[in-house]
Amino acid sequence: MENYRIVATMRYLFVLILFVCCNYSCTSPPVDVEEIREEVVEVERYTSFVDQFSGTTGAHTFPGATLPFGMVQVSPETGIERVNRSSGYQLSDSTFFGFTHTHLNRKPVTDLGNLLSMAGNSKKGEIKHAGKTFSSFSHTKEKAEPGYYSVHLNDFKIRAEATSTKRVGLHKYTFPADSNSFLSFDLGFANNQVKPKATVFTIAGDSLITGFRELTGLVANYKIYFAIQVSKPWKDYKMYRNGFAVGRPKITKGVNTKLVLNYSMDKGENLLVKVGFSYVNIEGAINNIQQEIPHWDFDLIRKAALGVWEEELSKMKVTSSDTLSKKLFYTGIYQNLLSPVVCSDFDGSYNNYQKGNVNPAKWQNDQYCTFPLTQISNSGFTLLTILNPTKANEISTSILDYYVMKGRLPENTLFGRELHKKRKFSAVSILSEAYLKGIGDFDVEKAYQTIKSQARKYDNYVGMNKPVIIGNKKSTKPGINTVDHSYLNWCVAAYAGALNRDNDYLNYLGKSTSYLSDFDTVSGFIVEGEEKQLKQALVAANWLPFSSIEKSWENTFGIKHDFAGLVNIIGGSENFNIKLDSFFYVKPATSSDSLISSFPGLYNHLNPRVQHMPFLYDFAGTPWKTQELVRKIMITFYPINFGIKNNESDYSQLMSWYVFGSLGFYPVNPSDGLYFFGSPSFEKVSIELDEDKKLDIIANNVSRENKYIQAVFLNGKRYRKPYITHKDLILGGVLEFQMGDQPNKNWDLELEAIPPSPSIEVATLMK
């Protein structure tokens, strides 16, 4: 990949934001395209370190063109075998079916891959599979960079390219000479065979097509509206309904509709296509095109998209000669800026997602309806509070708006529909984190009452393995486990404390220690309800099923808000260390061959619920063990598993972990604003903060061998805590690590006490 980046002058950035409208909804004056192009210069760029093909071997990632949090993702659909392709793409594939426009980097979601677009000609006649035209392609003639994707279609000798703004995809097809060239649009195409309920194509002019696709599956009855504008009027067209040609009607409706535009193309001639989307109406899709791409300069939009990504990625400037580590680092940031996705139109219109009621409303900021919150609530959102607190505030506000409209907080939503029935509360954690970090520019009281209401509601559902009784009826709704319930109440307590609501603070702080009642002194684990006696018997027999062992560890060390209390009930720091050592280094009698791990023990880095555990030695007085573990994971796990051949992994969470690991700290409890030290891996990282502040993280004498922290300095003064606070971090300055090849086992003696323990505080108050 060429080694340059788009550097924008202040005028270029200003025009880029107004003209392309990539960062915020706004209106824009007419702009001279040539004026902008003159101010683009080429130098080294951080986007060159992003690998968009990372994770495409099974982690459900897509390599296509999009912007940070963009509504549209123009990405290829590949492979004859269409199952297990929720992202549409597998690196092992060699067949190209076209571009679709909605994708997510997340666990399998089947309701995406909307509006398939394909170009072709008569070079090899009709090349089809299951009624779909396709072409072979080679990865040697494929390219992806942030905001851009291209591929050569071998069978048609056509080059297909794609770039995007926030709400509009822009295609470019370069044809050979052929009087029988075509461009097709297919609304019947579906990822993993999930067919639509209804589709419509409308010929709205000699170069404009509109329509919608009504979904089934997880988001049944939901409509996605689109507008298509082509740079050259077609010479003829043909409509299809359910696989049969229906001639040249102006409107075609059906479950499976398709439109083919016919062209006569000269050698090297380009055909450009704008595809705008809206979740409100067709007028919104048309307006999105008019406002975001009012011209046909493909290269300008491509460079503008690259400039937007460069602006985001360059907020963390790495100094290192380790190219692979830099690729992992910047790919991690890239992956975490792909979701959640914007669902409001350019003019602020937003669908409130109430059944049978569109009622578009206009909002000041971008609104989001697709929330993969379980992915971002571990560390992804926390990363955003550092990189882009304005965007973090928008997301927090949108979560609260969702509650106002739907009467509940989102968890894992797609187009405003909840995908999972399990009771979680990632939104509570995010709202609490945003407020406690001072970035929540929302109705503070409304947010507080919202999370209180959520906590009261879950009081009836505690215990995943217990029958839930409400009144005199047994509920069929799943519960939440004690650990999650305790953390939920801690988030409310922390929020209440910041508001000086003393009674609420004490009430919810007490509830946050409810996990203590399920701690089993015989097995040494948190065990719920009826499981306790069985687990005690199995422990006595020195045998437990592997899944049960793994779950026990996950529950017990999931107490992210009260590790001081957990250290205490386990029997102090020495016993806590022994227990952690056994988790990482002692192979269980019943183990799983499917674990992707760098350790002989139980630790599985693909499980997001245990990814904080390497940092727990910081709580037990042995921080050098954390430093050793973190560096081992970064060196041995990530390069080998860069593709992550596991379709159940939360890829963005894996990559945000790597970003924090490289910086040298990690948010064990995302909401408390504390980042516990690990082992920094780069010589220097400069972080651009709000208000023109900057934080330089310097690791003196760092190398693969020199992974142990000898001392820490903040702005030249000796720093004696095992963590840095968010408040200290965003003030900027210099965080300096002295590194060495041997553990400094005296370093912990200089450290101040770890944060106060809710359980110890409650016990003290009860005396």
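If you read the sequence shown in my numbering, its first letter stands for residue 693, the second for the next number, and so on.
Just so it is clear, CB atoms sit at the ideal spot from N, CA and C, and this is done for glycine as well.
Counted within 10 angstroms of its Cβ, other Cβ atoms place residue i as buried (16 or more) or exposed
i	result
GLN1141	exposed
HIS831	exposed
ASN1393	exposed
TYR1277	exposed
PRO1448	exposed
GLU1103	buried
GLY790	buried
ASP1058	buried
GLY1257	buried
PRO755	buried
PRO1372	buried
THR1011	exposed
GLU769	buried
LYS945	exposed
Residue i versus residue j: straight-line alpha-carbon distance, rounded
i	j	result
THR894	ASP1039	24 Å
ASP743	GLU1137	42 Å
LEU951	LEU1029	34 Å
PRO1414	LYS1376	20 Å
LEU1101	ILE1091	7 Å
MET1305	PHE1249	7 Å
SER1071	THR1174	22 Å
ALA1147	ALA1188	13 Å
TYR1095	ARG859	24 Å
PRO1424	GLY1432	The amino acid occupying residue 1424 in the given sequence is Gly; Pro does not appear at that position. Spanning the two alpha carbons is a distance of roughly 25 Å.
ALA1461	THR1105	Residue 1461 cannot be examined here, being either before or after the span of the chain that is shown, 693 to 1459.
VAL967	TYR929	18 Å
ASP1420	SER809	50 Å
ARG1193	VAL1184	11 Å
LEU1198	LYS1009	43 Å
ALA1312	ILE1087	35 Å
TRP1316	LEU1016	25 Å
ILE981	PRO888	25 Å
ASN954	ASP870	11 Å
VAL766	ALA811	15 Å
SER956	GLY939	20 Å
VAL1454	SER1006	45 Å
MET1097	ASP958	53 Å
LEU862	GLN1027	21 Å
TYR1343	TYR841	21 Å
ALA912	ARG905	11 Å
Residues near residue i in its chain [Cβ-Cβ closer than 6 Å; skip 5 each side]
i	result
HIS1418	LYS1129, GLY1365
ALA1403	GLN1430
PRO851	The residue asked about is misnamed: residue 851 is Arg in this sequence, not Pro. Taken in chain order, the residues that qualify are HIS844, THR866.
PHE1073	ILE1122
TRP1001	THR739, PRO838, GLY839
TYR1367	PHE1357, PRO1359, TYR1415, ILE1416
LEU1519	Nothing can be reported for residue 1519, as the shown portion of the chain is limited to 693 through 1459.
GLU1428	ILE1390, PHE1405
LEU1111	LEU910, ASN1104
Rounded distance between the beta-carbons of residue j and residue i, thought under 8 Å
i	j	result
TYR917	ILE985	No, TYR917 and ILE985 are not in contact; Cβ-Cβ is about 17 Å, not under 8 Å.
GLY780	HIS793	Wrong, their Cβ atoms sit about 10 Å apart, outside the cutoff.
THR739	GLY747	Incorrect: roughly 17 Å between the Cβ atoms, too far for contact.
ASN1181	SER1209	That pair is no contact at about 13 Å.
LEU1201	PRO1450	5 Å
ASN813	ASN872	6 Å
SER899	PRO925	5 Å
LEU875	LEU807	Wrong, their Cβ atoms sit about 13 Å apart, outside the cutoff.
ALA937	SER856	With 8 Å as the limit, ALA937 and SER856 do not qualify as a contact, their Cβ atoms being about 32 Å apart.
SER1041	VAL947	Actually they do not touch by this definition, with Cβ atoms about 28 Å apart.
Spatial neighbours of residue i in its chain, beta-carbon cut-off 7 Å, leaving aside the 5 residues before and after
i	result
ILE1131	THR1077, PRO1081, ALA1084, ASN1085
THR1318	PRO1306, PHE1307, TYR1309, ASP1310, GLY1370
VAL1231	For VAL1231, the predicted model reports a pLDDT of 48, less than 50, meaning its position is unreliable and no value from the coordinates is stated.
TYR1207	THR1174, VAL1175, SER1178, ILE1218, ILE1251
GLY771	ARG777, GLN782, ASP785, THR787
ASN1361	LYS1252, HIS1253
SER1348	GLY1024, ASN1028, SER1071, GLY1072, LEU1075
LEU1355	PRO1372, VAL1377, ILE1389
Close beta carbons around residue i, own chain, < 8 Å, minus the five adjacent residues each side
i	result
GLU1004	PRO760, ILE1025, LEU1029, LEU1079, ASN1080
SER923	SER899, ASN962, LEU963, LEU964, VAL965, TRP988
Test: residue i CB closer than 9 Å to a CB of chain B
i	result
ASN1057	No chain B is part of this structure, which consists of one protein chain only.
Please go through the region 862-914 and give each complete beta strand (DSSP E) segment of 3 or more residues, from N-terminal end onward. 870-878, 890-895, 900-906
Taking the runs of the alpha helix (DSSP H) that are 4 residues or longer, which of them lie wholly in the region 968-1031? 974-984, 990-1005, 1015-1028
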